[in-house]
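Residue numbers (the working numbering), protein chains in the order written: chain A, 69 to 185; chain B, 16 to 130.
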């Protein structure tokens, strides 16, 4: 499968614990995005990387959340001291910079479903 | 920031009929409008997109129209089939060369195709 892959698919944790998710984008894509989706809602933008640089962060991304993309390939999203309100599907997406054209298509992974008990 | 409104939240149509989903956006600088289809438990999949320099785009049974003046865009599905049943999301963003803004999504439309 050459699409965006995410690991794990499901994560159940107790409130207060730390969790980390991984995303492997499509190999030739230099842009990587994290979104969060709750039941009955559309995905909400969290953060965006171009190569290894984190260029944009949503106000939704509290200081308990941190994302990295150390070598410009895979990315990790860590949530510290999880709260019940963090329960959601965390989606990763990637795209390719088309240069002067600017606009690009986002391809999503299957997500990590987080349940905080 | 951008705000995207999507209607209706649920749409039930008879198989073979057409379905229309409408979205409005608030930021006149937005210039990229994709539509995603998400089946239960699966990833959102891009089905069609349109940029602000065109008013309509068609791909087989799916078409999207854009009215920049009114800041609204619509998804049209003709000759609906059972496999079209899913949640459809519209989105909008400002994209310019060298930079990127995250997509802002609507809340989704649950399309039900009645046999």
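Don't be surprised by glycine CBs; every beta carbon is placed ideally from N, CA and C.
{"Item": "Below-8 Å beta-carbon distance, residue 23 (chain B) vs any chain A residue", "Value": "no"}
{"Item": "Extent of the continuous beta strand (DSSP E) run through residue 49 (chain B)", "Value": "47-53"}
{"Item": "Counted within 10 angstroms of its Cβ, other Cβ atoms place residue 127 (chain A) as buried (16 or more) or exposed", "Value": "exposed"}
{"Item": "Buried versus exposed call for residue 113 (chain B) [16 or more other C-beta atoms within 10 Å across all chains shown]", "Value": "Residue placement at residue 113 (chain B) is poorly supported in this model, since its pLDDT is 36, which falls under 50; the coordinates are not used for a value here."}
{"Item": "Distance, residue 182 (chain A) Cα to residue 76 (chain B) Cα", "Value": "36 Å"}
{"Item": "Outcome for residue 168 (chain A) when other beta-carbon atoms lying within 10 angstroms are tallied against a minimum of 16", "Value": "Residue placement at residue 168 (chain A) is poorly supported in this model, since its pLDDT is 47, which falls under 50; the coordinates are not used for a value here."}
{"Item": "The region 109-126 of chain A in contact with the region 40-50 of chain B per 3-pair CB rule at 8 Å", "Value": "no"}
{"Item": "Beta bridge counterpart(s) of residue 61 (chain B) as assigned by DSSP", "Value": "B:51"}
{"Item": "Distance between beta carbons of residue 113 (chain A) and residue 103 (chain A), contact taken as under 8 Å", "Value": "6 Å"}
{"Item": "Any chain B beta carbon closer than 8 Å to residue 101 (chain A)", "Value": "yes"}
{"Item": "Residue-chain proximity (residue 90 (chain B), chain D), Cβ-Cβ < 8 Å", "Value": "Chain labels in this structure do not include chain D; the protein chains are A and B."}
{"Item": "Stretch-stretch touch, CB-based, cutoff 8 Å, three pairs: the region 129-147 of chain A with the region 26-40 of chain B", "Value": "no"}
{"Item": "Cutoff 8 Å: residue 80 (chain B) Cβ touching any chain A Cβ", "Value": "no"}
{"Item": "Any C-beta of chain A under 8 Å from that of residue 130 (chain B)", "Value": "no"}
{"Item": "Sub-8 Å separation of residue 178 (chain A) and residue 57 (chain B) beta-carbons", "Value": "yes"}
{"Item": "DSSP beta-bridge partners of residue 19 (chain B)", "Value": "B:40"}
{"Item": "Closer than 8 Å to chain B by CB, residue 73 (chain A)", "Value": "no"}
{"Item": "Beta carbon proximity, residue 76 (chain B) to chain A, threshold 8 Å", "Value": "no"}
{"Item": "At least 3 beta-carbon pairs within less than 8 Å: the region 78-87 of chain B vs the region 93-100 of chain A", "Value": "no"}
{"Item": "Cβ-Cβ separation, residue 126 (chain B) to residue 100 (chain B) (assumed contact under 8 Å), whole Å", "Value": "6 Å"}
{"Item": "Given residue 173 (chain A) as reference, the closest of B:17, B:66, B:21, B:20 once Cα atoms are compared", "Value": "B:66"}
{"Item": "Any chain B beta carbon closer than 8 Å to residue 84 (chain A)", "Value": "no"}
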